[in-house]
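As structure tokens, the structure follows; a few thoughts come after it.
Number of protein chains: 2
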Amino acid sequence: MTPHALGDMAPEAFRREAHRLADWIADYLSNPDQYPVLSQVAPGDIVRALPDEAPLRGESFDAIFEDFERVIMPGITHWNHPGFFAYFSITGSAPGVLAEFLAAALNVQAMLWRTSPAATELEEVTLAWLRKLVHLPGDFEGVIYDTASISTLHALAAARERAIPGVRAHGVNGRYRVYCSDQTHSSIDKSVILLGLGHDSLRKVSSDADFRMEVGALADATREDRAAGWTPLAVVATVGTTSTTSMDPVPAIADLCALENVWLHVDAAYAGVAAMVPGYEHILRGAERADSIVLNPHKWLFTPFDLSVLYTRHMDLLRAAFSLTPEYLQTTEISPVRNLMDTGIQLGRRFRSLKLWMVLRHFGAEGLRARLAEHMRLARLFAEWVDASGEFERLAPVPFSVVCFRSIPPALRGDDAALDAHNEKLVESVNRSGRIFLSHTRLNGRYCIRLAVGNLHTTAQHLAEAWELLNNLR
Amino acid sequence: MTPHALGDMAPEAFRREAHRLADWIADYLSNPDQYPVLSQVAPGDIVRALPDEAPLRGESFDAIFEDFERVIMPGITHWNHPGFFAYFSITGSAPGVLAEFLAAALNVQAMLWRTSPAATELEEVTLAWLRKLVHLPGDFEGVIYDTASISTLHALAAARERAIPGVRAHGVNGRYRVYCSDQTHSSIDKSVILLGLGHDSLRKVSSDADFRMEVGALADATREDRAAGWTPLAVVATVGTTSTTSMDPVPAIADLCALENVWLHVDAAYAGVAAMVPGYEHILRGAERADSIVLNPHKWLFTPFDLSVLYTRHMDLLRAAFSLTPEYLQTTEISPVRNLMDTGIQLGRRFRSLKLWMVLRHFGAEGLRARLAEHMRLARLFAEWVDASGEFERLAPVPFSVVCFRSIPPALRGDDAALDAHNEKLVESVNRSGRIFLSHTRLNGRYCIRLAVGNLHTTAQHLAEAWELLNNLR
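Sequence order for the protein chains is A and B. Residue numbering for the first sequence follows my numbering, starting at 1 and increasing by one per position. Residue numbering for the second sequence follows my numbering, starting at 1001 and increasing by one per position.
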């Protein structure tokens, strides 16, 4: 087909530019540490460097790409950099990037089975593969969303559907409680607000010295609430909290939820995938009795952002909460099919399963296990350095690949405010280096440095560099 | 850097495969009509063709890509096909595909300004460009979400925040109404359900013979509701409804909303971008007084799926509804920065503005206007054929690029049930051809064929083919 004047970029121009990008990206991924990990631009730099109107005439891709390199690249914080140890360190692995290139070109919108059967069915296939890898039972059905925030929102919407009679038609009415620990992710707060339950409906239960939810406190809270006229609606237990990657005691929480007939949602967005590593099967113990569980392959399963998975044994409730088919989306197939639009707030859906499929196949179960195990080994190695040093102290256990610690200069010991300021400055100095990017949290009020391993480019050598920098700058 | 054994795919392997995909995709985009537009597989075909467990050992990309071609491709419905006239026809244009390749490789997560300043600031720049192109005033601030469903959800969450005192803390309490027409998109239904307002809170106002909301009926409804103890919370007006692309009378609705002090949300997800075409500026008249407006560049602005834009003059209310920063996401910058996580339910965000930027620059304002005008010209051309034929009748005006019509064989005239069955069969026959993909809707209860133009590969010749097929198969 010859492209017409009002058509797309000519295929031969696309071919040329795609080859150019193939080389550019291959170079970039061979050596992401040629850039500072944390972007060094100042607020407003990018805006000021660009015109304030779209060009009138179309521009060559050459000119656009030149600006990409000149203006955009300095404003990138390099999540691919082996020195990225902030938040949760992630990898958009090469097979995943290739899959995204294909998915963008296919540009399918998988709202209905027929708008691309492969997108709907590959989601089913890959989610069964992942479910088996982490040893979840077969009555869990999965669905892919963009982010854990959206997965959790849907889980709690299904819980609301079950707990509040007539909520779909008549709205929220009454006093309902959702429980989580004081270590639980902020997406739970946002979900209860969005769902119209109100932030008051979220009760945060205390956690123990190892940042695990106290089940006794949870039991007390539900008892107290029932007596005061609140109906318990859901408990969110976390396997791998954001601050310290602590694990709530899911089996005991599951017992309580069964007793109280309350929805159990397990947030295993970051750590759940580690259940595939021999010796770590236990981390999802109890989750097999949950009503829903979220895993994020874009966090620690080498899948480019975004791809979050919600498993639930109550897909019917998700449908009851959301299914609604206007005439223009009615279809007739010979046999019943699943239409992904029925299980979510979003009508449109990208073909996300393609990248998960290519990642799972390229690395294979053994390759994934070995890589996850290696990240945990690296984190333990770093924790050993911290523990062996008189100049630092560790502030939390290291069950997975995150280490929480702080610098304790002798002159400041015992003065938490001074230690906080000192450690905050230390993190800033390290981050300014452009070699290493760390983030922080607070534990029992104390400022705490977090080092998260999760990037396939990271080796012990990069950890040693981080350790050296921390020691030189403290 | 030499890749290590537990690292990612080797950079040279990536380079080789990326070049292979560059050629494959260039071939595909040169000739998407080499495939049937609507996938011809049967339900379950893809699942059955794939193993039910992930491979133990990692596989070569060769093997994976072979399965992609053998198993996945037959299950793809080709949204790139020039004969794709169903739903809203879209284009993930070549510059957008290239941008997605880059974005996947960078894999930035733009929750905070500092986690990639360029992602946050390029969003600001491109949304200002787009705002100016469609002539919206400068007090509209924009934010990119994935889909229109999510944009609308946020608009209504902000409206709820304004209308219901204390809703963030205490939840929904009381009787609130959202108004839309009987032609409004189902995402409004899903939003009021999710927000805990209940489906009852949505009141659908009748539309006129041209499928435009009746403002008199809207005024009556709000008056009636106030008298019955409901508080009007928001009105959703649509510019380009999903069935017929009709336009609600936004100026008159804006007058009423101002008088009633009710949030006005304008759903211009599909048609809003046409306001940039000379002679079409009026389509967003009244929207300059709206509280929020949604435009979807992934629908009719040649941007790969997904990218939806919400403009609002009350970004403070979105922040009030959602902003919530746990310690591990606190940052300190020299000057105030915008953190995208503060204006949405989703914490994580892809670098979506990159594709919009590349699309706007590659085509330029003139190029975009010419292409949108061409799609409207093609739709009018098809409508003329329908109007000139004694065998078909048009069922709605054609303000943009969608034509609603049906076949009216002489023997069946006057028998709507028979005509419905006949047209349903006709659409099925056309779709089975693999050359053309049409969808349908119902208007005043009657089954109606929809033909939507929106693909940059589509020319008058493809419309002629659709017309010939319809005439041959009727």
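Note that CB positions come from ideal geometry on N, CA and C, so glycine has one too.
Chain-ordered neighbours of residue i on chain A, where CB pairs are closer than 9 Å
| i | result |
| --- | --- |
| methionine 1376 of chain B | Result: empty, since nearest Cβ-Cβ is about 12 Å, beyond 9 Å. |
Same chain only: Cβ atoms within 6 Å of residue i, ignoring 5 sequence neighbours per side
| i | result |
| --- | --- |
| arginine 203 of chain A | Arg177, Tyr179, Ala221 |
| proline 251 of chain A | Arg285, Gly286 |
| aspartate 225 of chain A | Arg177 |
| alanine 49 of chain A | Val71 |
Beta-carbon proximity list for residue i, same chain, < 7 Å, skipping 5 on both sides
| i | result |
| --- | --- |
| leucine 122 of chain A | Ser353, Leu354, Trp357 |
| leucine 485 of chain A | Only positions 1 to 474 of chain A appear in the structure, and residue 485 of chain A is not among them; the question remains open. |
| isoleucine 1345 of chain B | Phe1322 |
Environment of residue i [buried if 16+ CB atoms lie within 10 Å]
| i | result |
| --- | --- |
| leucine 29 of chain A | buried |
| arginine 1349 of chain B | buried |
| threonine 1332 of chain B | exposed |
| glutamine 1461 of chain B | exposed |
| histidine 1375 of chain B | buried |
| arginine 70 of chain A | exposed |
| arginine 1450 of chain B | buried |
| serine 1060 of chain B | exposed |
| lysine 1425 of chain B | exposed |
| leucine 1259 of chain B | exposed |
| glycine 1216 of chain B | exposed |
| histidine 78 of chain A | buried |
| alanine 1227 of chain B | exposed |
| asparagine 1107 of chain B | buried |
| proline 232 of chain A | buried |
| glutamate 1161 of chain B | buried |
Cα-Cα separation, residue i to residue j
| i | j | result |
| --- | --- | --- |
| alanine 1158 of chain B | leucine 1317 of chain B | 5 Å |
| alanine 1417 of chain B | histidine 298 of chain A | 50 Å |
| alanine 155 of chain A | glutamine 1034 of chain B | 42 Å |
| arginine 57 of chain A | tyrosine 1311 of chain B | 25 Å |
| isoleucine 392 of chain A | phenylalanine 405 of chain A | Note on identity: in this sequence residue 392 of chain A is phenylalanine, with isoleucine being the wrong assignment. Whole-angstrom Cα-Cα distance: 7 Å. |
| proline 32 of chain A | alanine 13 of chain A | 27 Å |
| alanine 104 of chain A | glutamate 1100 of chain B | 6 Å |
| alanine 1365 of chain B | alanine 373 of chain A | 51 Å |
| alanine 1452 of chain B | cysteine 257 of chain A | 50 Å |
| threonine 325 of chain A | leucine 1006 of chain B | 47 Å |
| asparagine 455 of chain A | leucine 1307 of chain B | 27 Å |
| isoleucine 293 of chain A | alanine 269 of chain A | 8 Å |
| glycine 75 of chain A | leucine 1360 of chain B | 20 Å |
| arginine 1168 of chain B | leucine 1218 of chain B | 28 Å |
| valine 398 of chain A | alanine 209 of chain A | 13 Å |
| glycine 1272 of chain B | tryptophan 385 of chain A | 58 Å |
| threonine 245 of chain A | aspartate 1146 of chain B | 29 Å |
| isoleucine 90 of chain A | asparagine 173 of chain A | 41 Å |
| threonine 1120 of chain B | phenylalanine 1351 of chain B | 8 Å |
| arginine 1175 of chain B | arginine 313 of chain A | 33 Å |
| serine 243 of chain A | methionine 1276 of chain B | 47 Å |
Residues of its chain near residue i, where Cβ-Cβ distance is below 8 Å and the 5 sequence neighbours each way are ignored
| i | result |
| --- | --- |
| aspartate 1182 of chain B | Lys1204, Val1205, Ser1206, Ser1207 |
| histidine 1265 of chain B | Thr1152, Ala1155, Leu1156, Ala1159, Ala1234, Val1235, Val1236, Ala1237, Ala1290, Asp1291, Ser1292, Ile1293, Val1294 |
| isoleucine 1253 of chain B | Met1213, Val1215, Leu1218, Val1235, Ala1237, Leu1264, Gly1286 |
Neighbouring residues, chain A, relative to residue i (Cβ below 8 Å)
| i | result |
| --- | --- |
| isoleucine 1025 of chain B | Phe14, Ala18, Phe101, Leu102, Ala105 |
Under 7 Å from the C-beta of residue i: neighbouring residues of chain B
| i | result |
| --- | --- |
| histidine 170 of chain A | Gly1198, Asp1200 |
| glycine 348 of chain A | Thr1147, Phe1305, Asp1306 |
| isoleucine 72 of chain A | Ala1118, Leu1122 |
| arginine 371 of chain A | Leu1006 |
Contact list for residue i against chain A, beta-carbon separation under 7 Å
| i | result |
| --- | --- |
| methionine 1358 of chain B | Ile64 |
| threonine 1115 of chain B | Thr77 |
Where residue i meets chain B, residues with beta-carbon distance less than 9 Å
| i | result |
| --- | --- |
| proline 95 of chain A | Asp1008, Met1009, Phe1014, Glu1017, Phe1061, Ile1064 |
| valine 167 of chain A | Ile1193, Gly1196, Gly1198 |
Residues from the stretch 1124 to 1150 of chain B in contact with chain A, defined by Cβ distance under 9 Å:
Glu1124, Val1125, Thr1126, Ala1128, Trp1129, Leu1130, Lys1132, Leu1133, Asp1146, Thr1147, Ala1148, Ser1149, Ile1150
Using a Cβ cut-off of 7 Å, which residues of the stretch 1177 to 1207 of chain B contact any Cβ in chain A, in chain order?
Cβ contacts with chain A: Ser1186, Ser1187, Asp1189, Lys1190, Ile1193, Leu1194, Leu1195, Gly1196, Leu1197, Gly1198, His1199, Asp1200, Ser1201.
Short-range partners of chain A found in the stretch 1216 to 1241 of chain B, where Cβ spacing is below 9 Å:
none
Given a limit of 7 Å on CB to CB distance, which residues of the stretch 1049 to 1064 of chain B reach chain A?
Residues Leu1050, Asp1052, Glu1053, Ala1054, Pro1055, Leu1056, Arg1057, Gly1058, Glu1059, Phe1061, Ile1064.
Residues from the stretch 1456 to 1472 of chain B in contact with chain A, defined by Cβ distance under 8 Å:
Listed by position along the chain: Leu1456, His1457, Thr1459.
Which of the residues in the stretch 433 to 445 of chain A, read from start to end, lie with their CB under 8 Å from any CB of chain B?
Ser439, His440, Thr441, Arg442
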